[in-house]
Amino acid sequence: MIEVKEAHESELSVFLPHRGVYTPLKSSTKLRGVFNGYAPTSNGVSLNQIQLNGGTVQQDLFPIVIRSRKHEFVFTADIRMMCRQILIHPDQRDLQRIVWKESPDQPTKAYQLKTITFGTTSAYYLSTRTLNATSR
Numbered sequence: 001m002i003e004v005k006e007a008h009e010s011e012l013s014v015f016l017p018h019r020g021v022y023t024p025l026k027s028s029t030k031l032r033g034v035f036n037g038y039a040p041t042s043n044g045v046s047l048n049q050i051q052l053n054g055g056t057v058q059q060d061l062f063p064i065v066i067r068s069r070k071h072e073f074v075f076t077a078d079i080r081m082m083c084r085q086i087l088i089h090p091d092q093r094d095l096q097r098i099v100w101k102e103s104p105d106q107p108t109k110a111y112q113l114k115t116i117t118f119g120t121t122s123a124y125y126l127s128t129r130t131l132n133a134t135s136r
């Protein structure tokens, strides 16, 4: 994430509500951030309502599962972690702002998220499209 330095608001910016979720039994990520793209902004419209979903670029799940039975080994991946690896265009980062405090005695600062945020409308399309483009 990048700290927002400018004093003015951009023409279109969205502050995403977020919270931490602690799962003590998880071996990889015990504490993870969860963002709410469905939360309405001050004008009553959420980020997910203004984003396009991009359509479906992946195959249907059923044929994938059937084909996977032909192989001795099958690999899976965590899509949440994949989203955190894909950068979004700087022009779009104002749509993914958050407020953050490093500690209780520090001032609250505004930040832009630099990567795809899991749970937003376009995340599934962008991650699958990036995966397809990378594999070519």
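Those letters in the sequence shown? Residues 1 to 136, per my numbering, in order. Ideal Cβ placement from N, Cα and C applies to all residues, glycine included.
Cβ contact annotation for V74 (same chain, cutoff 6 angstroms, sequence separation greater than five): S68, in chain order. In this chain, L31 is not harboured by any alpha helix (DSSP H); it is covered by the beta strand (DSSP E) spanning 31-35. Judged by their CB atoms, R97 and V4 are nearer to each other than the 8 angstroms cut-off.
Bridge partners of L87 according to DSSP: T115. For R67, the enclosing alpha helix (DSSP H) covers residues 61-68. Under the DSSP assignment, R93 falls outside any beta strand (DSSP E); it carries neither an H nor an E label. In this structure, the beta-carbon distance from N53 to Y125 falls below 8 angstroms.
Assigned with DSSP and collapsed to three states, Y22 falls in strand. One Cα belongs to R19, the other to E102, and the distance between them is close to 14 angstroms.
Where R129 is concerned, the enclosing alpha helix (DSSP H) starts and stops at 123-135. Counting along the chain, the unbroken alpha helix (DSSP H) around N48 starts and ends at 47-50. As the crow flies, the alpha-carbon of I2 is around 5 angstroms from that of Y111. Of the candidates P24, V14, T128, T128 places its Cα closest to the Cα of A77.
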